[in-house]
Amino acid sequence: MNNVITTTCGLCSTGCRINVHCNEHNQYSIKGDKCDPVTHGALCKKGLHAIDIMLHPERLTQPLKRTGKRGEDQWITISWQQALDEIALKFNHTQNTFGDNSLFFSYGYSKDFINTQLLKLANAANSVNIHGPETVCWAPSKYGKEYTLGYNPGADINQHTDCIIFWGVNKHNTRFTEMRAINHAIEHGATTICVDPQQTHHAKNANYWLPLVPGSDLALAMAMIKIIIDKAWYDTVFVADFCYGFSALQSHIDQLDLSYLANECQLSIEMITDITQQYINAKSAVIITGNALDHNPDSFQVNRAIAILMALSGNIEIQGGQSKPQGKSLVNGRWPYDPQDVDQISPTIRQHSVGSPPIPESFRATSQGLMDAMLTGQPYSIKAGLIVGTNPMTSWPDSNKVKQAFEQLDFLVVSELFMTPTAMMADIVLPAASFFEYAGVTQGQDGSIHYQASLQQVGDAKPDHQIITEIGHAMGIMPVYNDNDFWKSALSPVNIDLMQLKAQTSILAAVENQQTLSYLSVGFDTPSGKVELYSQKLYELTLDPIPVYRPNLSVTDRYPLRVTTAKSRHYMFSHGRQISSLRARHPFPIVKIHSSLGEKEHLKEGDIAAIETAPDKIIYQRVKFDDNLNIDTIIADLSWWFPEMKSKQLSGAFISNYNVLTSTDTGTHSDIGSFYINGLPCRIYKATNIELSTI
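Residues in the sequence shown are numbered consecutively from 1, following UniProt numbering.
Right, here's the structure in full:
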């Protein structure tokens, strides 16, 4: 007997529909759902092995209380009631003693409505110190483009799209569901341009590949803007009628030296001119940007400059070009936040969150601000916190500083699936359920919503949203958790409850024709009502009203190379390295270098290399040659730790993890709170007496 349950993969925001097969021995297998209009039955490697997460023998299944020192991995099992009582007692005592803002709340990937639910808990606790990963993931792109266009544009890729620029993105690895439309456009003759230091799938197949210096994206964007304006290639009608501040932009561009900008990218003026002309001459073109453009202090202005390119080229709201978001969400509180939750605490008060960046819409505390407050007590003390669905020991900047900061906390709670390096630093660890373990609501990439079926319960694990609410209730600041009420609130836009959705299985988002030229009647949602090439709003915030290129961190004789990082297709950031089927495909952290650099540094493929950005910032990864790289660029793996090492060095969190190399330095012009990730000056050399663990 083979029972088939159709549900949704919850490992990332794509929301792929899957069929889970269960045989008479209660053994599961996963296949893609061919009826899914987004995936057409395809699944990534991570999704195919999602059952291995639910059933992994090292899953956390009961609440744990620390008995040894932080990081020693010594615990006793306690009941949920004891855990909640102790958490409430400690959190309330902390706020009563040190003030409301001494308590922080941090989440990672936006699974299971946790970001909204954690914000509600923070609001109820009257703490402004809510933290998420947005400063290096999503916020720079969103706000950079919104400050320019009034919205964050999509890409209406189809047979009418004549040119596609892939900028710091690898859809083939990270969002394969978009490849169908991309390939369709290419089959109809679209020219493709890839901007990436690494020869990705897009770069390999592109008509033009620009292997720029990591971190020099703003120099390239400003060079393209200068070429367009100097050669009068811009859409004169659109610029005259629908853009604000062109003369100011032109004056700024006149002062820029094209040779200097090109040299900063290590690209020829001819190459930059060629790809700019291809983009401008296309009847319809799109720029697709990726997470890489959120990874340096200038990330907000990088995305503003790219939005300016979209406007100068006239590719706004035309068929096959950049599209305006449309349609209302079918679910409440999924992403990013509901305005009423954000506005429950005034913007003036929210500005007191630690490390809050200048852009006021980015209301969250920053990781660097939280750490500084933990370590120095300035501007006030951070003494306790709740971390849900994230692993700051590998994902926050300067991993050694993260450890030092957490050691200063009086009390830390972590909700997790596995005993991560971050969980080892906690006082109480709560077992979180995987998405297979509870009934709920999911939303697909196309906006459709689906009933999520529960396969089975593992131990005493609970969904994160329930854990958050139960903590709030134990603190006396939130109502008791009610599953029906929670999901009814989530489904309020469609006015049904969870059981009704179960009966329907799915509610599909309406397929609407892309809006074209809506600005003719409604303008742009900016202060001027036009595309803001010059932003008066930024000027009033004492920020650059026009993007200004400032050089990245300088290379030196000691650190003559630049290192950047890229995501693995086998892992979701730091998640999944316990899964043997995935680990077998990517068992070690890999650093890619040019073979000539290997010869210079006496490194062979398979050697373990030390990557150093400062005398106290060194990690170790296994060498792989890639002669498509520039000789002075290296690509290191992201977010590595070694679950098999257990309590030894916090599961090896400092051996190969890229964020050991980073710092909390955001430079002097980080409008959105981003820190330096791309293009760190470094050196590489052969390591001795180092072994990299593997399952």
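C-beta atoms are modelled at their ideal positions from N, C-alpha and C, and glycine is treated no differently.
When C-alpha distances from isoleucine 655 are compared across Pro643, Thr664, Thr666, the shortest belongs to Pro643. Contact check for glutamine 250 against isoleucine 635 fails: the beta carbons are separated by 8 Å or more. For the pair histidine 21 and lysine 34, the CB atoms are not nearer than the 8 Å cut-off. Restricting attention to Asp230, Lys120, Ile228, the CA atom closest to the CA of methionine 478 is found in Lys120. Counted as a single uninterrupted DSSP element, the stretch harbouring isoleucine 684 is not any alpha helix (DSSP H) but the beta strand (DSSP E) occupying residues 680-686.
Counting only the Cα atoms, serine 554 lies some 39 Å from threonine 161. With 16 or more neighbouring CB atoms inside 10 Å of its own CB, serine 448 falls in the buried class. Assignment of phenylalanine 104 by DSSP, reduced to helix, strand and coil, places it in the strand class.
In this structure, histidine 184 sits away from asparagine 207, with a CB-CB distance that is not shorter than 8 Å. With the rule of 3 Cβ pairs closer than 8 Å, the region 61-80 does not count as touching the region 345-358. Beyond the five residues adjoining it in sequence on each side, aspartate 460 comes within less than 7 Å, by CB distance, of Thr61, Gln62, Trp80, Pro431 in the same chain, given in chain order.
Under the DSSP assignment, histidine 21 falls in the beta strand (DSSP E) whose first and last residues are 17-22. Non-local C-beta neighbours of phenylalanine 176 in its own chain, meaning closer than 7 Å and more than five positions away in sequence, comprise Ala42, Cys44, ordered along the chain.
Taking each of Ser362, Gln368, Lys617 in turn and checking the Cα distance to threonine 348, the smallest one comes out for Ser362. Within the model, the alpha-carbon separation for glycine 673 versus glutamine 27 is close to 46 Å. In the DSSP assignment, histidine 450 falls outside any alpha helix (DSSP H) and within the unbroken beta strand (DSSP E) covering 449-452. Of the residues assessed, arginine 562 falls on the buried side of the cut-off, its CB having 16 or more other CB atoms within 10 angstroms. By alpha-carbon distance to glutamate 58, the top candidate from Val548, Gln340, His575, Met419 is Met419. Just measuring C-alpha positions, the residue of Ala122, His56, Asn291, Asp241 sitting nearest tryptophan 138 is Asn291. Excluding its 5 nearest sequence neighbours in each direction, aspartate 557 has no C-beta neighbour in its own chain below 8 Å.
Shortest Cα-Cα distance from serine 492 to any of Asp637, Asn173, Val342, Asp338 involves Asp338. For threonine 668, the number of other beta carbons within 10 angstroms of its own is below 16, and it is reported as exposed. When the beta-carbon positions are compared, threonine 200 and cysteine 163 stay at least 8 Å from each other. Spanning the alpha carbons of proline 140 and isoleucine 130 requires a straight line of approximately 18 Å. Relative to threonine 666, the option among Thr8, Gln452, Asp398, Gln255 whose CA is nearest is Asp398.
As summarised for the region 38-92, the continuous alpha helix (DSSP H) elements at least 4 residues long and confined to that stretch are 45-48, 50-54, given in chain order. Bounds of the alpha helix (DSSP H) holding isoleucine 186 are 179-187.
According to DSSP, residue pairing for leucine 561 in a beta bridge involves Cys682.
For leucine 680, the number of other beta carbons within 10 angstroms of its own is at least 16, and it is reported as buried. Take the alpha-carbon of histidine 188 and the one of isoleucine 608: they are about 45 Å apart. Three or more pairs of CB atoms, one per stretch, sit closer than 8 Å, so the region 506-516 contacts the region 311-320. In the three-state DSSP reduction, threonine 6 falls in the strand class (E or B).
A contact between stretches requires three or more CB pairs, one per stretch, nearer than 8 Å, and the region 232-247 meets this requirement with the region 524-534. A straight line joining the alpha-carbon of tryptophan 167 with that of methionine 310 spans about 13 Å. The bridge partners DSSP lists for tryptophan 209 are Cys194. Following the DSSP letters along the chain, one finds threonine 469 inside the alpha helix (DSSP H) bounded by residues 464-474.
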